[in-house]
Every structure is written in structure tokens, then in C-alpha cells.
Amino acid sequence: EAGVVQSPRYKIIEKKQPVAFWCNPISGHNTLYWYLQNLGQGPELLIRYENEEAVDDSQLPKDRFSAERLKGVDSTLKIQPAELGDSAVYLCASSRSQGTGNTIYFGEGSWLTVV
Amino acid sequence: LAKTTQPISMDSYEGQEVNITCSHNNIATNDYITWYQQFPSQGPRFIIQGYKTKVTNEVASLFIPADRKSSTLSLPRVSLSDTAVYYCLVGASNNAGNMLTFGGGTRLMVKP
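Protein chains in written order, with my numbering: chain A, -6 to 108; chain B, 1073 to 1184.
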């Protein structure tokens, strides 16, 4: 079974430029997450989708960040414009929605450097 | 969401058993305890999950006392490749609580 796939793996952009990250969750996983991880810290949730609905986006900085999951499968996270402080790893994860003790599976992350 | 407290770092030697304890004093009835492992340049990887007593898989064991206010991840006979950050998380089992909050994790360094 394929895991969570993310692209690009690495991205370097200049500040004020836009950037987008793509995620393909594990097949059959209805819940999709985007996390932000700064160096030396644990991941922090940005947004959680149940199918195509964003059920928790309280931690997403909506002035410059946006996300979508149009068909309830793939998702895109966008930053526009990027700032120096956005340099971090952006992790996508997925899990099944039903059942107890659902395990969240992570992709390898998209590493963003803003210069 | 229950907050977790775990040691910032630990050192061990190859072949030793490593026990990492996590405190979660305000764990809720529906919360499960989950441990993740993260290597540099990779996303977190699920290790083990439990609700109470003891859980064992091919990688680790998880010990949870009756009051569930703490848990201990046990890694038998660690090797250099077990050097990583280990995160303890608690989260609810229902749909609304399917979000897990990460703390700072425990950085395990295995030495030769």
C-alpha cells in the first residue's frame, strides 16, 4: 500500500513569492491533515479535512495561507506571499475517519526555504 | 486536548533497553495514547498505540498504568538506527477528536 505522497520534496523561493504544496493521501483515508514543523519542534496542525470539508482550520494563517481538497482526495496548501518566517517543513498526513484510535500516517514532508 | 510531558533528551548505548516515560495527567476517557518516531528529514512514523495495560508489537512495548496518567514506551535492545525523536501524544477516538497535538518530543541518542 502506498503511503502519503507529497511534492515537492524541497523548495527554495524568494520572499513575497507564492508557493504550493501537493499531497496525495493513502487510499481510503477520508481525513487529511496539514502540519507545520519548525526546526527542533513538534508538528503543529494547520488544517484538517474530513473528505472535502475543512473541519478545523483555526490554526491556519488565512491572510497568506490557503488550502483546498476539491474532490476529497488530493490536497493543495498554498502560501502567498511567502515570508522568511515561513521556512519550515510542511507535513501532510491522513487517517481513516471511522473507528477508534485512528492512526495518522505522515508523508515525508515538503521542506520550504524562503530567502 | 490532553497535554503531554516527556524528557527533552535521553542517551543510551547499543543493546540496552530504553524506556521513555510520558506524563498526561488530564487524559480524557476517550483518549488513546500514541507514540511516533521521527528521523531527520522524514515525517513522523507510527510506532505503537494503546488505551490501557500493555501493548506489544514487533518494534516496541507500551505500558499504561491503571490511572492512565502516564505511559512508558519501551524499546528493547536499541541500535544506532533507533536514534530519533520520539513523540508521545494523546487524542480522542471519535471523529471530532481525531486530531493529535504534538509536544516537543524526546531526542534519543544511541551511542556505540
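By construction, the Cβ of each residue, glycine as well, lies at the ideal position given by its N, Cα and C atoms.
Quiz item: From what residue to what residue does the beta strand (DSSP E) around residue 1175(B) run?
Solution: Taken as a continuous stretch (DSSP letters only), residue 1175(B) belongs to no beta strand (DSSP E), as it is neither H nor E.
Quiz item: Among 107(A), 87(A) and -5(A), which has the Cα closest to the Cα of residue 74(A)?
Solution: Selected option, being the one with the closest Cα: 107(A).
Practice problem: Answer with yes or no whether the minimum CB distance from residue 36(A) to chain B is below 7 Å. | Solution: yes
Quiz item: Going by beta carbon distance, what residues of the same chain come within less than 7 Å of residue 7(A), once the five residues before and after it are set aside?
Solution: 108
Quiz prompt | Neighbourhood of residue 1081(B) by C-beta, 8 Å cutoff - its chain only, sequence neighbours within 5 removed | solution = 1178, 1179, 1180 and 1181
Quiz prompt | Rounded separation between residue 40(A) and residue 32(A) - CA only | solution = 20 Å
Quiz item: Nearest CA to the CA of residue 69(A): which residue from 85(A), -5(A) and 80(A)?
Solution: 85(A)
Exercise. Check whether the Cβ of residue 1114(B) lies closer than 7 Å to any Cβ atom in chain A.
Key: yes
Exercise. Determine the DSSP secondary structure at residue 35(A), reduced to helix, strand or coil.
Key: Correct three-state label for residue 35(A): coil.
Quiz item: Going along the chain, which residues of its own chain have a beta-carbon closer than 6 Å to the beta-carbon of residue 1078(B), five neighbours each way excluded?
Solution: 1094, 1160 and 1178
Practice problem: May I ask which residues mark the beginning and end of the beta strand (DSSP E) holding residue 1134(B)? | Solution: 1133 to 1136
Quiz prompt | Residue span of the beta strand (DSSP E) that contains residue 1111(B), given as start and end | solution = Counting along the chain, residue 1111(B) falls outside any beta strand (DSSP E), and DSSP gives it neither H nor E.
Practice problem: Could you confirm whether any beta carbon from chain A is found closer than 7 Å to the beta carbon of residue 1175(B)? | Solution: Yes - at least one Cβ of chain A is within 7 Å of the one on residue 1175(B).
Exercise. Go ahead and label residue 1115(B) buried or exposed: buried means 16 or more other beta carbons lie within 10 angstroms of its beta carbon, across all protein chains shown.
Key: buried
Quiz prompt | Reference residue 1184(B), options 1075(B), 1076(B) and 1088(B), closest by Cα | solution = Closest by alpha carbon: 1088(B).
Quiz item: Going along chain B in order, which residues have a C-beta closer than 9 Å to the C-beta of residue 96(A)?
Solution: Going along chain B in sequence order, the residues near residue 96(A) (Cβ under 9 Å) are 1106, 1118 and 1121.
Quiz item: What residues of chain A sit near residue 1159(B), judged by a beta carbon separation below 7 Å?
Solution: Within chain A, the residues whose beta carbon sits less than 7 Å from that of residue 1159(B) are 35, listed in sequence order.
Quiz prompt | Whole-number beta carbon distance between residue 18(A) and residue 25(A), since they are thought to touch under 8 Å | solution = 5 Å
Quiz item: Span of the beta strand (DSSP E) holding residue 71(A)?
Solution: 68 to 72
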